[in-house]
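Taking it in order: structure first as structure tokens, then the write-up.
In this note's numbering, the protein residues as written are -6 to 304.
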């Protein structure tokens, strides 16, 4: 087993410049996109950065005191919230050396492999997690970034199937994505999880040309659903139902705190809608708008990249 490592402090290197020396922080890109673009840990407000750093320090302290499965996960999650995906994967990989049959560690590493655009590795981890996990009852996952109601909504079982299906989808393997979304639907036990699963499941069916099956999924979507955090998916589904126009989803409040995420999520759905309805030019235009945004780790952003990379 490798020695435990501490990753919270960036690497400092010194460059000579005549008699004057300055300290610089060397930053490697966190992600190389499917289009060859590099992305780095984003700049944030001082308040947001301080909060994320403080949370990381607490997780790191707990980890060093007790490198339990849970503390490996939280250390990696806090690194992930900072967009430090390489470090998060390193910690999870160390954890899997100590806990090789941990489906929870595999679930989180699989997610971060998706963030890194390493879909085959994600599929390997998440497939194994699906084989190791206890299928029922769902194990509620505590939130690291709580929603407005401070109610944890997802389970480990849901997240394993959801991310596995997504990894297949992003590779363009819609048949395998369909199989995983079918399993995910079984553990989508509240309205937020239901709209997230049905949205991607609907798009999968449409990409397979199974339009009637896609239409059948929309019967589960009603106007009385209690949506706490997955409003963008709900809006996409309402667009598929004809209750909202595509242009309405592309109109996102630029002052909203989640502007970039909403643009990526709603924008990909709209672009995909144009794609499987035959307007490739409009679809590409919207996908390009999505990848010009800042939310490079969001699934809509990665999916738009995947579409453009296939062109």
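C-beta: ideal position from N, C-alpha, C; glycine also.
Got a sec? Which residues, its chain only, sit under 6 angstroms from residue 267 by beta carbon, not counting five neighbours each side? In the chain shown, the residue the question calls residue 267 occupies position 274. Same-chain partners within the cutoff: 275 and 276.
Restricting to runs no shorter than 4 residues, where is the alpha helix (DSSP H) found entirely within the stretch 10 to 73? 39 to 58
Distance CB(residue 137)-CB(residue 119) smaller than 9 angstroms: Along the chain shown, one-based indexing puts residue 137 at 144. Along the chain shown, one-based indexing puts residue 119 at 126. No, they are not a contact pair.
With DSSP run on the structure shown, which of helix, strand or coil describes residue 76? Residue mapping note: residue 76 aligns to position 83 of the chain shown, counting from 1. Three-state result, residue 76: coil.
Are the CB atoms of residue 188 and residue 230 nearer to each other than 9 angstroms? Translated into positions along the chain shown, residue 188 becomes position 195. Translated into positions along the chain shown, residue 230 becomes position 237. Contact: yes.
Between residue 301 and residue 28, which are expected to be in contact by the criterion C-beta below 8 angstroms, what is the C-beta distance as a whole number of angstroms? For this step, residue 301 is matched to residue 308 along the chain shown. For this step, residue 28 is matched to residue 35 along the chain shown. At roughly 6 angstroms, the Cβ-Cβ gap stays under 8 angstroms, so residue 301 and residue 28 are in contact.
Ordered along the chain, which non-local residues of its own chain (more than five positions away) have a Cβ less than 7 angstroms from that of residue 161? If you number the chain shown from 1, residue 161 lands on position 168. Within the same chain, residue 161 has close Cβ partners 116, 169, 170 and 173.
Considering only DSSP beta bridges, list what residue 133 is partnered with. Within the chain shown, numbered from 1, the residue matching residue 133 stands at position 140. Partner(s): 148.
Among 196, 26 and 221, the one whose alpha carbon lies nearest that of residue 264: Taking the chain shown and counting its residues from 1, one reaches residue 264 at position 271. Of the candidates 196, 26 and 221, the one whose C-alpha sits nearest the C-alpha of residue 264 is 196.
Three-way DSSP call (helix, strand, coil) for residue 179 in this model: By one-based count along the chain shown, residue 179 stands at place 186. Helix at residue 179.
Provide the residue span of the alpha helix (DSSP H) that contains residue 188, from first to last. In the chain shown, residue 188 corresponds to position 195, counting from 1. 184 to 201 is the extent of the alpha helix (DSSP H) around residue 188.
Taking Cβ positions only, does residue 26 come closer than 9 angstroms to chain D? Here there is only one protein chain, and chain D is not present.
Beta-carbon spacing of residue 237, residue 260 below 9 angstroms: Taking the chain shown and counting its residues from 1, one reaches residue 237 at position 244. Taking the chain shown and counting its residues from 1, one reaches residue 260 at position 267. No, the pair does not count as a contact, with Cβ atoms beyond the cut-off.
With distances taken between CB atoms, is the gap from residue 92 to residue 65 smaller than 9 angstroms? As a first step, residue 92 is located in the chain shown; it is residue number 99 there, counting from the start. As a first step, residue 65 is located in the chain shown; it is residue number 72 there, counting from the start. Their beta carbons are under 9 angstroms apart, which means residue 92 touches residue 65 by this criterion.
Please check the pair residue 24 and residue 289, which I expect to be a contact at CB under 8 angstroms, by giving their CB distance rounded to whole angstroms. One-based indexing of the chain shown puts residue 24 at position 31. One-based indexing of the chain shown puts residue 289 at position 296. 6 angstroms between Cβ atoms; contact.
C-beta contact flag for residue 110 and residue 217 at 9 angstroms: For this step, residue 110 is matched to residue 117 along the chain shown. For this step, residue 217 is matched to residue 224 along the chain shown. Contact: no.
DSSP three-state label for residue 110, please. Indexing the chain shown from 1 puts residue 110 at position 117. Three-state result, residue 110: coil.
I'd like the span of the alpha helix (DSSP H) that includes residue 295, first residue to last. Counted from its first residue, the chain shown places residue 295 at position 302. From DSSP, the alpha helix (DSSP H) with residue 295 extends over 292 to 303.
Assigned secondary structure, residue 285 (DSSP; H/G/I helix, E/B strand, else coil): Along the chain shown, one-based indexing puts residue 285 at 292. Coil, per DSSP.
The alpha helix (DSSP H) enclosing residue 259, as first and last residue numbers: Here residue 259 refers to the residue found at position 266 of the chain shown. Segment 252 to 269, the alpha helix (DSSP H) holding residue 259.
Consult DSSP for residue 141 and reduce its assignment to one of helix, strand or coil. One-based indexing of the chain shown puts residue 141 at position 148. Looking at residue 141 - three-state DSSP - the assignment turns out to be coil, as it is neither helix nor strand.
Supposed close pair residue 77, residue 36 - CB separation, criterion 8 angstroms: Translated into positions along the chain shown, residue 77 becomes position 84. Translated into positions along the chain shown, residue 36 becomes position 43. Contact flag wrong, Cβ pair sits at about 14 angstroms.
Just the C-alpha distance for residue 151 and residue 129, rounded to the nearest angstrom, thanks. Position 158 of the chain shown, counted from the start, is the residue given in the question as residue 151. Position 136 of the chain shown, counted from the start, is the residue given in the question as residue 129. Going from the Cα of residue 151 to the Cα of residue 129 covers about 11 angstroms.
Could you check whether residue 153 and residue 100 sit closer than 9 angstroms to each other, using their CB atoms as the reference points? The sequence position of residue 100 within the chain shown is 107, counting from 1. The sequence position of residue 153 within the chain shown is 160, counting from 1. Yes, these two residues count as a Cβ contact at 9 angstroms.
Can you tell which of 198, 244 and 185 has the C-alpha that lies nearest to the C-alpha of residue 222? One-based indexing of the chain shown puts residue 222 at position 229. The option with the nearest alpha carbon to residue 222 is 185.
In terms of residue numbering, what span does the alpha helix (DSSP H) encompassing residue 210 cover? What you label residue 210 is simply residue 217 of the chain shown in a count that begins at 1. 204 to 210 is the span of the alpha helix (DSSP H), which, as asked, contains residue 210.
C-beta atoms of residue 194 and residue 178 nearer than 9 angstroms: Here residue 194 corresponds to residue number 201 of the chain shown, with the count starting at 1. Here residue 178 corresponds to residue number 185 of the chain shown, with the count starting at 1. Yes; because the gap between Cβ atoms is below 9 angstroms, this pair is in contact.
Can residue 69 and residue 105 be called in contact, C-beta distance under 9 angstroms? To locate residue 69, count along the chain shown from 1; it is residue 76. To locate residue 105, count along the chain shown from 1; it is residue 112. Cβ atoms of residue 69 and residue 105: closer than 9 angstroms.
Please determine, among 233, 198, 203 and 199, the residue with the shortest C-alpha to C-alpha distance to residue 215. For the purposes of this step, residue 215 is taken as the residue at position 222 of the chain shown. Comparing Cα positions, the closest option is 233.
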